[in-house]
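K.L.:
Numbered by numbering that gives the first Met the number 0, the letters in the sequence shown go through residues 0 to 312 in order. For each residue, glycine too, the CB sits at the ideal point set by N, CA and C. As the structure is a prediction and not an experimental result, all values here were calculated from the model. Submitted below is the structure of interest, expressed as structure tokens.
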Amino acid sequence: MKQSGQENIVFYLKGLAMGAADVVPGVSGGTIALITHIYERLILAIDGVSVELVIQLFGTKRKEAWKAIDGSFLLPLVLGIATSILLLSGLIEWLLHYYPIPLWAFFFGLILASAFVLKNSVTKWNITALAAMVIGVFVAFGVGLVTPNTGSESLLYLFLCGVLVVMAMILPGISGAFILILLGAYETALDAVDKLKNFELEGLVVFLVMGTGGVVGLKAFAKILRWLFTQHKNIVLAAMTGFLLGSLYKVWPWKKVTSYYTNSDGLAEPLTTTIVLPELSNPEAQVLLAFVAFITALCLLFFLEKFSTNSHG
Numbered sequence: 000m001k002q003s004g005q006e007n008i009v010f011y012l013k014g015l016a017m018g019a020a021d022v023v024p025g026v027s028g029g030t031i032a033l034i035t036h037i038y039e040r041l042i043l044a045i046d047g048v049s050v051e052l053v054i055q056l057f058g059t060k061r062k063e064a065w066k067a068i069d070g071s072f073l074l075p076l077v078l079g080i081a082t083s084i085l086l087l088s089g090l091i092e093w094l095l096h097y098y099p100i101p102l103w104a105f106f107f108g109l110i111l112a113s114a115f116v117l118k119n120s121v122t123k124w125n126i127t128a129l130a131a132m133v134i135g136v137f138v139a140f141g142v143g144l145v146t147p148n149t150g151s152e153s154l155l156y157l158f159l160c161g162v163l164v165v166m167a168m169i170l171p172g173i174s175g176a177f178i179l180i181l182l183g184a185y186e187t188a189l190d191a192v193d194k195l196k197n198f199e200l201e202g203l204v205v206f207l208v209m210g211t212g213g214v215v216g217l218k219a220f221a222k223i224l225r226w227l228f229t230q231h232k233n234i235v236l237a238a239m240t241g242f243l244l245g246s247l248y249k250v251w252p253w254k255k256v257t258s259y260y261t262n263s264d265g266l267a268e269p270l271t272t273t274i275v276l277p278e279l280s281n282p283e284a285q286v287l288l289a290f291v292a293f294i295t296a297l298c299l300l301f302f303l304e305k306f307s308t309n310s311h312g
């Protein structure tokens, strides 16, 4: 069945949302894919891509190959992700610098509501499903507590970073951007995006090396996830609910910096933080803005859920 232009736009917009989420440390593009009901299709499409099919796209069997890789779904989605990372990364950085509390409150609300929505997708809550959810909570929570390191800028290290980061990006509740911070490569990646926008060769090299690592990690992990969805879908959904709940600690809006590191410009940047309760009388706590952002996220999720339900029904 031929895909409509409206569906292409919808997939592109979902890609934009995934890309924006992946730029923020603590938020996962996989979470957005789950919220917008494209996660399982994304895993199946990625696992279906092969070198042979890509070659066939440029031959006489291009129509069959395009259908086999679900190209009408993947292309607008990937374009949306790429557009978001290239164009919105600056906006996200600006918001993180000037309005971090409302931004984190927005994502906190989005992830919290998503966990409850995903919980309803679990068809049977038994001991195994509950155990999977608890394990998911501890895994995501544990990742958020790991202390970042200074990393390396060698091409092999950046390749391995690409492998690990994309594997994290595809998991709901595990932030690819935060994994980059843990590996000490977050600043390198953002710098590469800026250089790429200015057509600098160094940025292209870093982008290609990390991108190649990402493709390798994505293909390997997608195959595992596809098998898990096929054989143990209920348990996987329960574990992913746990991932979302466990990641809430990392996106709590009010934090106290406990240690710093020095970036490449010689400026002090937060390294580790601990959560604190907001001071209602302190205007710097931005409690009202945070509340508005939180409610906006809940309303947005309600809209996305209603839209997705109507489009599927």
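(1) Report all residues from its chain with a CB closer than 7 Å to the CB of Phe140; omit the five preceding and five following residues, and keep chain order.
(2) With a 10 Å radius around its C-beta and 16 neighbouring C-beta atoms as the bar for buried, classify Gly312 as buried or exposed.
(3) If you measure between the beta carbons of Lys255 and Thr273, is that distance less than 8 Å?
(4) Buried or exposed for Ser174, please, with buried defined as at least 16 other CB atoms from any protein chain shown within 10 angstroms of its CB.
(5) Output needed for Ala176: all residues of its chain with C-beta closer than 7 Å, excluding positions within five of it in sequence on either side, in chain order.
(6) Run through the DSSP bridge pairs and tell me what Ile274 is partnered with.
(7) State the start and end residues of the unbroken alpha helix (DSSP H) segment that holds Leu200.
(8) Run through DSSP, which three-state label would Tyr259 get?
(9) Thinking C-alpha only, which one of Trp124, Phe105, Met209 is nearest Leu297?
(10) Indicate the three-state DSSP secondary structure (helix, strand or coil) for Ala267 in the structure shown.
(11) Leaving out five residues on either side along the sequence, give the residues of the same chain with a beta carbon under 6 Å from the beta carbon of Phe57.
(12) Tell me, please, whether the region 37 to 47 touches the region 216 to 230 by the rule of three or more beta-carbon pairs shorter than 8 Å.
(13) Check Trp103 in the structure and name its three-state DSSP category.
(14) What is the DSSP secondary structure of Ile68, counted as helix, strand or coil?
(15) Got a sec? Which residues, its chain only, sit under 6 Å from Ile31 by beta carbon, not counting five neighbours each side?
(16) Among Val53, Ile180, Leu87, whose alpha-carbon lies nearest the alpha-carbon of Val164?
(17) Can you give the Cα-Cα distance for Met0 and Lys66, rounded to whole angstroms?
(18) Rounding to the nearest angstrom, what Cα-Cα distance links Ala92 and Phe107 in this structure?
(19) Mind checking Lys13: buried by the 16 CB within 10 Å criterion, or exposed?
(20) In whole angstroms, what is the alpha-carbon distance linking Ala64 and Ile54?
(21) Along the chain, where does the alpha helix (DSSP H) containing Ala284 start, and where does it finish?
(22) First and last residue of the alpha helix (DSSP H) that includes Phe177?
(23) Determine whether the beta carbon atoms of Asn233 and Val121 lie at a separation below 8 Å.
(24) Which residues in the same chain as Gly216 place their Cβ atom closer than 8 Å to its Cβ, once the five residues preceding and following it in sequence are excluded?
(25) Terminal residues of the continuous alpha helix (DSSP H) containing Ser88?
(26) From Ala284 to Leu299, what does the alpha carbon distance come to, in whole angstroms?
(27) Taking 8 Å as the threshold (C-beta atoms), are Trp253 and Leu276 in contact?
P.N.:
With the structure as the only source:
(1) In the sequence shown, the residue the question calls residue 140 occupies position 141. Same-chain partners within the cutoff: Gly245, Tyr248.
(2) Along the sequence shown, read from residue 1 onward, the residue named residue 312 stands at position 313. A caution first: Gly312 carries a pLDDT of 47, below 50, which makes its placement in the model too unreliable to give a value.
(3) Here residue 255 refers to the residue found at position 256 of the sequence shown. Here residue 273 refers to the residue found at position 274 of the sequence shown. For Lys255 and Thr273, yes; Cβs fall inside 8 Å.
(4) Working through the sequence shown from its first residue, we reach residue 174 at position 175. Classification of Ser174: buried, given that the 10 Å Cβ count is 16 or more.
(5) Locating residue 176 in the sequence shown gives position 177, where the first residue counts as 1. Once the five neighbours on either side are set aside, the close Cβ partners of Ala176 are Asp21, Val22, Val23, Pro24, Tyr185.
(6) Translated into the one-based positions of the sequence shown, residue 274 becomes position 275. Lys254, per the DSSP bridge assignment.
(7) In the sequence shown, residue 200 corresponds to position 201, counting from 1. Per DSSP, Leu200 belongs to the alpha helix (DSSP H) from 200 to 246.
(8) Along the sequence shown, read from residue 1 onward, the residue named residue 259 stands at position 260. Residue state, collapsed to three classes: strand.
(9) For this step, residue 297 is matched to residue 298 along the sequence shown. Among Trp124, Phe105, Met209, the Cα nearest to that of Leu297 is on Phe105.
(10) Here residue 267 is taken as the residue at index 268 of the sequence shown, counted from 1. Strand at Ala267.
(11) If you number the sequence shown from 1, residue 57 lands on position 58. Apart from sequence neighbours up to five positions away, no residue of its chain approaches Phe57 with a beta-carbon distance below 6 Å.
(12) yes
(13) For the purposes of this step, residue 103 is identified with residue 104 of the sequence shown, where counting begins at 1. Three-state result, Trp103: helix.
(14) Locating residue 68 in the sequence shown gives position 69, where the first residue counts as 1. In this structure, Ile68 counts as coil in the three-state DSSP scheme.
(15) As a first step, residue 31 must be located in the sequence shown, where it is residue number 32. Counting only Cβ-Cβ distances below 6 Å, and skipping sequence neighbours, we find Ala16, Met17, Ala20.
(16) Along the sequence shown, read from residue 1 onward, the residue named residue 164 stands at position 165. It is Ile180 whose Cα lies nearest to the Cα of Val164.
(17) Indexing the sequence shown from 1 puts residue 0 at position 1. Indexing the sequence shown from 1 puts residue 66 at position 67. Here Met0 scores only 46 on pLDDT, less than 50, and its place in the model is too uncertain to base an answer on.
(18) Position 93 of the sequence shown, counted from the first residue, corresponds to residue 92. Position 108 of the sequence shown, counted from the first residue, corresponds to residue 107. Before going on, a small fix: residue 92 reads as Glu here, not Ala. Those two C-alpha atoms are separated by around 18 Å.
(19) Translated into positions along the sequence shown, residue 13 becomes position 14. Buried, since its Cβ has 16 or more Cβ neighbours within 10 Å.
(20) For the purposes of this step, residue 64 is identified with residue 65 of the sequence shown, where counting begins at 1. For the purposes of this step, residue 54 is identified with residue 55 of the sequence shown, where counting begins at 1. For Ala64 and Ile54, the distance between alpha carbons rounds to 9 Å.
(21) Locating residue 284 in the sequence shown gives position 285, counting from the first residue. Looking at the DSSP string, Ala284 is not in any alpha helix (DSSP H), and its letter there is neither H nor E.
(22) Working through the sequence shown from its first residue, we reach residue 177 at position 178. Unbroken alpha helix (DSSP H) run through Phe177: 175 to 181.
(23) As a first step, residue 233 is located in the sequence shown; it is residue number 234 there, counting from the start. As a first step, residue 121 is located in the sequence shown; it is residue number 122 there, counting from the start. Yes, Cβ-Cβ distance for Asn233 and Val121 is below 8 Å.
(24) Numbered from its first residue, the sequence shown carries residue 216 at position 217. Within the same chain, Gly216 has close Cβ partners Gly161, Val162, Leu163, Val164, Val165, Met166.
(25) As a position in the sequence shown, residue 88 is number 89, starting the count at 1. DSSP places Ser88 in the uninterrupted alpha helix (DSSP H) bounded by 88 to 97.
(26) For this step, residue 284 is matched to residue 285 along the sequence shown. For this step, residue 299 is matched to residue 300 along the sequence shown. Rounded to the nearest angstrom, the two C-alpha atoms are 24 Å apart.
(27) Along the sequence shown, one-based indexing puts residue 276 at 277. Along the sequence shown, one-based indexing puts residue 253 at 254. Yes, they are a contact pair.
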